[in-house]
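Data first, discussion second: the structure below is written as structure tokens.
Encoded structure:
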């Protein structure tokens, strides 16, 4: 953050909504020297974000080229509409995690917008966020390397779309163009339905005996981690994308019913084959997720035992650096009661043997 | 692995089944100098495990004190029975991930076992494993710090239970005593039901367009990670624990149906409240999972940006060691296309501010 490389977006940017996303956008643009005008329905929230350095309070005569609406999904369409009307030259985008519903509201019969107004609206959605919300969790680099979907309506001017792409590039995210309905179907699949599934599984843990929860390993923790998300926000997201989410969850429920029937009488003809097929289909689904750097590349893993004392992981990774092995990904595993952890390090397959040999030679205990 | 501390178990230990668990038990005991006798229905599998150093081939006159049956769940009861009969003085344990079904089979009317035989059987289950199976994935330290449940039948002699606990302690796992039915209910909740849920969610991803999968973030990856498990093994586990798994999945399905109804008409009275309540219950479930070291302790997190080059993570963790901050847990996040990662480091809450200040002073970019 020591440099302020020239920003691609020109002029002032107005950000409406100073929560996690709005404040993070403000911080990221300010780091490039952009004049950021902040607005928020909550005066306290606005002042917090200003204090954080995410932008300044609006003043008479502001003439933003670009307006970013970063309010909850339920409020998105009405705020986009009022901004389009209040600033008749500006391009307006939003960052809501659903795109069809706000667009339908803006285009609908009850809308006070003209065709000319709507020609200045470009919906978008950064795939970024945190389990904690609010300006207090904001960070300038929230979007770095993340996909940021742009959903231009047909016939939108190249310049207006380009302005939103400049914003995205200034925040070091990756612009991806998708029609609104394809976007909503995609996030229903990779975000909204998994959220429901994780929450319902996590609900089963609520009130379980401590002796049962004490046996929990990394598996159930991973399955339920995102269930700690904010219910109020998620109700809005799920409601706004209900048809796409329902389609996926219905198919999930039908599969679950098949598994329940099969488990209800495992000695019945075909029961075990049904279960095995569902599990094998799950194998295929996981294998299809793209890997790091957008490639479908498999890394090799090296598992090293690490004592639970300060500096041990540092020493390990320092030595990996010394032998020239890059850490592509890693997972640290700890069991209740253990004073030792396992660091599972993903490396390029071609360096795995060397990494294991060199670490062993330096006295590390290689566990796999 | 340089030392051979005296083992608690005395005499020879016979391990039947030279897969991941059996070979890992063999390696762990061999590291303590214990005489390990390996047996496996597959000659090739047996020789692979012997070559790995997990034990030796059985020979005439072997008189093991303890026998560990480490075969697939379906075969467990019959192998336990034949071992009890073949070695009339030995204590026999097994490591199957279900405990009621094998016990019922051993005690059932079709069993050839006498009460005296059964008095030598102590069921157990190490909560350890990997997504990859086979002796080739075995490691001496697979069990270190893991819970290992012992399910003694009422009236079992203290000495025989103690022998199994010695095995567990020699492998540096943590013995936990639970009745067989409580064990099965617990693993249904924290392992078997999450496995089904993860697999069915992962199945939805199979065949999805690349543009949708390209938006996948850490959330859906975590929810579906364990879906890469071996279907053949999991069919056996799920089938053997079907009633307990069905109970949890039925409750899950009922909740899912409620969510589907609510999402089917989000403007209906109470619909949003229903969804919000399910999500809030999920919050509570996740919050109840015990933290590291078996405590329900919350850590603070520090998020640091790390360039994707060799040695950078090493430098970070090395400097954390220098300033005396222990890393309690960590998550490395990477987005497709990014050349920079975010290391989310869990630290004790009381050192968070110092860690952030000291790292900033050393030039690290703190992202939260």
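Protein chains in written order, with the working numbering: chain A, 898 to 1265; chain B, 898 to 1265. Every residue gets a Cβ at the ideal spot worked out from N, C-alpha and C, and that includes glycine. Treat the numbers as computed from the prediction; the structure is a model and nothing was measured.
Under the Cβ distance rule, residue 1131 of chain B counts among the residues neighbouring chain A, one pair being separated by less than 7 angstroms.
The Cβ atoms of residue 1183 of chain B and residue 1099 of chain A lie closer than 7 angstroms to each other.
Between the beta-carbon of residue 1263 of chain A and that of residue 1200 of chain A there is about 7 angstroms, and that keeps the pair under the 8 angstroms contact cut. Nearest neighbour of residue 929 of chain B by Cα position, chosen from B:1241, B:1038, B:1133, B:936, turns out to be B:1038.
Sequence-ordered contacts of the region 1145-1161 of chain A with chain B read 1145, 1146, 1147, 1148, 1149, 1150, 1152, 1153, 1154, 1156, 1157, 1160, 1161 [C-beta pairs closer than 8 angstroms]. Take the alpha-carbon of residue 919 of chain B and the one of residue 1032 of chain B: they are about 8 angstroms apart.
Residue environment analysis places residue 938 of chain A among the exposed positions, since fewer than 16 neighbouring C-beta atoms fall within 10 angstroms of its C-beta. The beta carbon of residue 1096 of chain A falls within 7 angstroms of a beta carbon belonging to chain B, placing the residue at that interface. Put simply, the backbone Cα of residue 1152 of chain A is about 15 angstroms away from that of residue 1091 of chain A. For residue 1183 of chain B, a Cβ of chain A is located within less than 7 angstroms of the residue's own Cβ. Taken in chain order, the members of the region 1058-1084 of chain B whose beta-carbon sits within less than 9 angstroms of a beta-carbon on chain A are 1069, 1070, 1071, 1073, 1075, 1079, 1080, 1082, 1083, 1084.
Beta-bridge pairing by DSSP links residue 1227 of chain B to B:1242.
In the DSSP assignment, no residue is bridged to residue 1130 of chain B.
Approximately 46 angstroms separates the beta-carbon atoms of residue 965 of chain B and residue 1112 of chain B; this is outside 8 angstroms, ruling out the contact. When rounded, the separation of the alpha-carbon atoms in residue 1155 of chain A and residue 1170 of chain A is 11 angstroms. Below the 8 angstroms Cβ cutoff, chain B contributes 1128 as neighbours of residue 1177 of chain A, in chain order.
Against chain B, the beta carbon of residue 1206 of chain A has neighbours under 8 angstroms at 1223, listed in chain order. Nearest to residue 1135 of chain B by C-alpha distance, out of B:1089, B:1017, B:916, is B:1089. The beta carbon of residue 1019 of chain B sits closer than 7 angstroms to those of 988, 990, 1047, 1049, 1053, 1057, 1058, 1061, all from its chain and outside the five residues before and after it, given in chain order.
Residue 985 of chain A counts as exposed, since fewer than 16 other C-beta atoms from the protein chains shown sit within 10 angstroms of its C-beta. If only uninterrupted alpha helix (DSSP H) runs of at least 4 residues are considered, those enclosed by the region 1144-1205 of chain A are 1168-1184.
Selection B:962, B:1034, B:1082, B:1150 evaluated against residue 1105 of chain A yields B:1082 as nearest (Cα-Cα).
In the DSSP assignment, residue 991 of chain B falls within the beta strand (DSSP E) that extends over 988-991.
Taken atom to atom, the span from the alpha-carbon of residue 962 of chain B to that of residue 940 of chain B is near 24 angstroms. Around the C-beta of residue 1250 of chain A, fewer than 16 other C-beta atoms lie within 10 Å, and the residue is accordingly described as exposed. Per the Cβ contact rule, the region 1173-1183 of chain B is in contact with the region 1121-1128 of chain A (3 or more Cβ pairs under 8 angstroms). Within the same chain, Cβ atoms closer than 7 angstroms to the Cβ of residue 1255 of chain A are found at 1220, the five residues on either side in sequence being excluded. Between the alpha carbons of residue 922 of chain B and residue 923 of chain A lies a distance of about 56 angstroms. Relative to residue 907 of chain A, the option among A:914, A:931, A:916 whose CA is nearest is A:931. Counting only Cβ-Cβ distances below 7 angstroms, residue 1210 of chain A has contacts in chain B at 1214, 1224, in chain order. The Cβ atoms of residue 1119 of chain A and residue 1078 of chain B lie no closer than 7 angstroms to each other. Less than 7 angstroms divides the Cβ of residue 976 of chain B from the Cβ of residue 913 of chain B. Note on the region 996-1075 of chain A: whole alpha helix (DSSP H) runs with a minimum of 4 residues are 997-1004, 1012-1015, 1055-1067, in chain order. Its chain contains 1197 as the residues whose beta carbon lies nearer than 6 angstroms to that of residue 1246 of chain B, once the 5 sequence neighbours on both sides are disregarded; these appear in chain order. Within chain B, 1182, 1183 have C-beta atoms less than 7 angstroms from the C-beta of residue 1121 of chain A, given in sequence order.
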